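Asker: Chains as they are written, first to last, in UniProt numbering: chain A, 1 to 292; chain B, 1 to 444.
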Amino acid sequence: MRSLKAQRPEGVRRDPAPSRWGYRYQRLMLTPGFRKLVKVGVPMLVVGGLIAGWTAREANRQMIADAYNNTKTQLQQRDEFMVKMMAIDGADDTLATDIRTVLPLEFPQSNFDLDLEEMRQTVAALPAVADVSLRVRPGGVLQVNVTQRVPVAVFRAPEGLKLIDSEGVLIQNIIARADRSDLPLITGDGAREALDEGLEIYRVAGPLMPRMRGVVRMGERRWDVILDSGQRILLPTDNPVPAFERVVALNQAQDLLERDVAVVDMRHPARPTIRMNEQAVTNLRQINAEQE
Amino acid sequence: MRDLYQSQRAMRAMRQAAMQRGVIAILDIGSSKIACLVLRFDGPEQYSDGDGVGSMAGQSSFRVIGAATTRSRGVRFGEVEAMAETERAVRTAVQAAQKMANVRVDHVIACLSGGRPRSYGLDGQVDVMGQTVTEGDIGRVLAECEVPDIGEGRQVLHAQPINFALDHRSGLEDPRGQIGTTLTTDMHMMTVEDSIIENLLYCIKRCDLELAGIASSAYAAGISSLVEDEQELGAACIDMGGGSTGISIFMRKHMIYSDAVRMGGDHVTSDISMGLQVAPAMAERIKTFYGGVLATGMDDREMIEVGSNTGDWERDRRTVSRAELIGIMRPRVEEILEEVRVRLDAAGFEHLPSQQIVLTGGGSQIPGLDGLASKILGQQVRLGRPLRVQGLPQAATGSAFSAAVGLSLFAANPQDEWWDFDIPAEKYPARSFKRAVRWFRENW
């Protein structure tokens, strides 16, 4: 009987049957999940491992960072992205100088280094600026379009004279009242909040205008008008403008303020009161005595 | 019988699981070749007209996506003889088919041709419990069939109800829902040797595959190579394989008889090998190239070189005429066919309304066989080729593949077997917990 043990002489063609393990391997490889794992998972793992191993060294990471930064800088420093100058529109010389002071830019500079929003906020924070928009114009020009605040009055604060706009925002300091004698003078606590009323009083002054020195907010509730000779017109809390109009009319009719009057008190609308100077009182008494 | 019932039901469940996954393999383990087909099920039929008339055998519900054949080793008479060799051959076939299909198969339906099949006709009779016949009644009548002594070491391979009769009306396809009092059934049971199935199971298990069904190859060949009319009116399919020749008789679309002759093409080859003094491989080659069963005058002059590989090339230059070859082959083929005739006569084939005989299998490719067969088996003989199924490679459409193709059709829509019906409750052991569960399920 032939031996049951497999004896495979040299040169005899091998059995075409797959080996047990070969068969199992092929079946395993035909299993969809395993196949995906081998075809996708393992390569990803190997590549990921290589990358991780390579980047684990400090020098390699530095190299990548340097290369990235170099490329980025080179790109950003291209001529097309360079800003060469700043153009300011809508601002007078003083404000333009201020803007240049708060935006200390060194030209030329790359477009990418400019933080336009932050610069806009910096410029908008200037008191004289109502609104501002920044953009980089083609040709490398940083365009700053400014809307300036318009001063409507001079405000005397404890620390000095300031210009004020219609919203009550302090714009800038001035040295002397004479610098802006065209604007009315307003002072007192709470004057900025009631600015419209104060300006309205000025508007109805009419013939008294040359004599007006200023209006003072008293106790944050009512207005006093100061005339050049130190005369004072005390206006009521409610409806101060008609009260002042009455004083103006009274002055036109009877030259009230040409007389030696120190204070015209209009605080009680039904009973206007006049306070005269001491000298005038004395004189009046004398005259009265002589007449008696 | 209960073991068989359980194991067959387990196989049915496995087949269902395989259908769910959509891929199943067909393994035809024959004596001369092992064929493996990988089928993909795409769900219900795609090209049906929607009027309930599908394709004849449901063959359009699946598609062959892998096919491989390998020379069989270690199989004789359709029975596993050398386990390791067979296992390797199965591995070869399965691996090649998997490679072609590019999908992994876990479930396999196998057929076997050996194992000395025997057919039994059983009948059972019960009284219908309710007014109409229910599925439970069918289960009962099938369980009521008196099982003959099938002998020691044998196992049931098929047990198919082939006929139902209700009272005096016979020939019912499906008695369910019909009104009657007495239900009778005829069942065809086929048994094979236990050890053959065990070996086949073990062999498939060693290949990491799970068996999802098992069928007789004669039955499978009949499904694929008999046309519908023949199956309906009565026909016999002769599956001439390498080691054995299977016989299956169909009637009213059921197999009613099956048998096998333990002779086949391999015996023809060994006759040639002995008669011409050549190696078996050479004999096989001569048989396939020059073989025949009807000698003509021309064949006397056609000389065949039969120089065998003895190494003595100068001296060993024998030639034989084709007539001599035919003279060797013909007696053996006649012997096989006569043996088939005996089996058919024993089965009472002549009483069938139609006596069509279809020759298929690899052995049926011998030129002139139909002429010889018609002399022995009767006038109505034709050569059969398997039904065409989608995706089957051209190389696998020959008559040698009728069992494999038939097994595919069997996988697509298997015939009702005894174990497809629930066993009646009173047959369960008294303490069965299942019985309580069933009672609850039926009554609540």
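Built from N, CA and C at the ideal position, the CB exists for glycine as well.
Please read all numbers here as calculations on a predicted model, not as lab measurements.
Taking C-beta to C-beta, are Ile223(B) and Leu344(B) nearer than 8 Å?
Answerer: No; because the gap between Cβ atoms is not below 8 Å, this pair is not in contact.
Asker: In angstroms, rounded to a whole number, what distance separates the CA positions of residue 511(B) and Cys36(B)?
Answerer: The question about residue 511(B) has no answer, for chain B in this structure spans 1 to 444.
Asker: What is the residue span of the beta strand (DSSP E) that Asp260(A) lies within?
Answerer: First-last for Asp260(A): undefined, no H or E at that position.
Asker: Helix, strand or coil, according to DSSP, for Pro151(A) in the structure here?
Answerer: It is a strand residue.
Asker: Give the residues from the segment 28-46 of chain A that approach chain B closer than 7 Å (Cβ to any Cβ), ordered along the chain.
Answerer: Residues Leu30 and Thr31.
Asker: Using the Cα positions of Arg88(B) and Thr182(B), report the straight-line distance between them to the nearest angstrom.
Answerer: Those two C-alpha atoms are separated by around 53 Å.
Asker: At 8 Å on the CB atoms, spell out the chain B contacts of Gln26(A), in chain order.
Answerer: Within chain B, the residues near Gln26(A) are Gln95, Gln98 and Lys99.
Asker: Our contact map puts Gln160(B) next to Met187(B) with C-beta atoms below 8 Å; I'd like the distance itself, whole angstroms only.
Answerer: Right, their Cβ atoms sit about 7 Å apart.
Asker: Strictly below 9 Å CB to CB, what residues from chain A border Ala89(B)?
Answerer: Per Cβ cutoff of 9 Å: Ala17.
Asker: Per the DSSP calculation, Asn102(B) is bridged to which residue(s)?
Answerer: Asn102(B) pairs with nothing; no bridge assigned.
Asker: Arg63(B) and Leu39(B) look like a contact to me (Cβ under 8 Å); what is the Cβ gap, rounded to whole Å?
Answerer: Right, the Cβ-Cβ distance comes to about 7 Å (below 8 Å), so this counts as a contact.
Asker: Going by C-alpha to C-alpha distance, which of Cys237(B), Gly241(B) and Gly115(B) sits closest to Val80(B)?
Answerer: Measuring from the Cα of Val80(B), the nearest candidate turns out to be Gly115(B).
Asker: Within a Cβ cutoff of 6 Å, which residues of the same chain sit near Ile214(B), ignoring the five residues on either side of it in sequence?
Answerer: Taken in chain order, the residues that qualify are Ala110.
Asker: Please decide whether Tyr23(A) counts as near chain B, where near means a Cβ-Cβ distance under 8 Å.
Answerer: With 8 Å as the cut-off, Tyr23(A) counts as an interface residue toward chain B.
Asker: What do you reckon, are the CB atoms on Ala253(A) and Gln231(A) nearer than 8 Å?
Answerer: No, the pair does not count as a contact, with Cβ atoms beyond the cut-off.
Asker: Extract the residue ranges of the beta strand (DSSP E) inside the segment 209-271 of chain A, only unbroken runs of 3 or more that lie entirely within it.
Answerer: For the segment 209-271 of chain A, whole beta strand (DSSP E) runs of length 3 or above, ordered along the chain, are 212-218, 222-227, 232-234 and 261-265.
Asker: Compare the C-alpha of Arg252(B) against each of Glu228(B), His267(B) and Cys237(B) and name the closest.
Answerer: With distances taken between Cα atoms, Arg252(B) lies closest to Glu228(B).
Asker: Rounded to whole angstroms, how far is the Cβ of Ala235(B) from the Cβ of Val358(B), which I believe are closer than 8 Å?
Answerer: Yes, they are in contact, since the Cβ atoms of Ala235(B) and Val358(B) sit about 6 Å apart, within 8 Å.
Asker: For Tyr23(A), count neighbouring C-beta atoms within 10 Å of its own C-beta (all shown protein chains included) and say buried if the count is 16 or more, exposed if not.
Answerer: Buried, because 16 or more other Cβ atoms sit within 10 Å of the Cβ of Tyr23(A).
Asker: Which runs of the alpha helix (DSSP H), 4 residues or longer, sit entirely within the segment 380-433 of chain B?
Answerer: Runs found: 402-412.
Asker: List the residues of chain A whose Cβ lies closer than 7 Å to the Cβ of Arg104(B), in chain order.
Answerer: Residues of chain A passing the Cβ test: Arg27, Leu30 and Thr31.
Asker: Can you round the beta-carbon distance between Arg385(B) and Thr360(B) to whole angstroms, since I take them to be within the 8 Å contact cut?
Answerer: Arg385(B) to Thr360(B), Cβ: 7 Å. Contact.
Asker: Per DSSP, what kind of secondary structure is Val261(B) in: helix, strand or coil?
Answerer: Reduced to three states, the DSSP call for Val261(B) is strand.
Asker: Could you tell me if the beta carbon of Leu294(B) falls within a distance shorter than 7 Å of some heavy atom in the ligand HEM?
Answerer: Absence of the ligand HEM is noted for the structure shown, with no ligands found whatsoever.
Asker: By the 8 Å beta-carbon criterion, what residues does the segment 185-209 of chain B contribute toward chain A?
Answerer: Listed by position, the residues of the segment 185-209 of chain B near chain A (Cβ gap below 8 Å) are Cys207 and Asp208.
Asker: Spatial neighbours of Leu352(B) within its chain, please: CB distance less than 7 Å, with the 5 preceding and 5 following residues excluded, ordered by chain position.
Answerer: If we look at Leu352(B) and ignore the five residues flanking it on each side, its Cβ neighbours are Gly234 and Met251.
Asker: Just the C-alpha distance for Arg246(A) and Glu258(A), rounded to the nearest angstrom, thanks.
Answerer: Each residue's alpha carbon lies about 16 Å from the other.
Asker: Is the shortest distance between the beta-carbon of Thr69(B) and the beta-carbons of chain A less than 8 Å?
Answerer: Chain A, which has no Cβ nearer than 8 Å to the Cβ of Thr69(B), makes this no.
Asker: Who pairs with Met187(B) in a beta bridge, going by DSSP?
Answerer: BP columns for Met187(B) point to Leu122(B) and Pro161(B).
Asker: If I measure Cβ to Cβ from Ile274(A) and keep anything under 8 Å in the same chain, skipping five residues before and after, which residues do I get?
Answerer: Within the same chain, Ile274(A) has close Cβ partners Leu256, Val261, Val263, Val264 and Asp265.
Asker: Can you tell me which of the three DSSP states Gly139(A) falls into?
Answerer: Here Gly139(A) sits in coil by DSSP.
Asker: Compare the C-beta of Thr92(B) against all C-beta atoms of chain A and say whether one is closer than 8 Å.
Answerer: Yes, because at least one Cβ of chain A sits closer than 8 Å to the Cβ of Thr92(B).
Asker: Flag this pair as yes or no: are the beta carbons of Leu392(B) and Ala84(B) separated by less than 8 Å?
Answerer: Going by C-beta atoms, Leu392(B) is not nearer than 8 Å to Ala84(B).
Asker: Should Arg341(B) and Leu377(B) be called a contact, given that it needs their Cβ atoms to be closer than 8 Å?
Answerer: Yes; because the gap between Cβ atoms is below 8 Å, this pair is in contact.
Asker: Would you please state the rounded distance, in angstroms, between the beta carbons of Val133(B) and Arg176(B)? I believe it to be under 8 Å.
Answerer: Indeed, because the Cβ distance is near 6 Å, the residues count as touching under 8 Å.
Asker: Let me know the secondary structure DSSP gives Thr181(B) once reduced to three states.
Answerer: In the structure shown, Thr181(B) sits in coil (DSSP, three-state: anything other than H, G, I, E or B).
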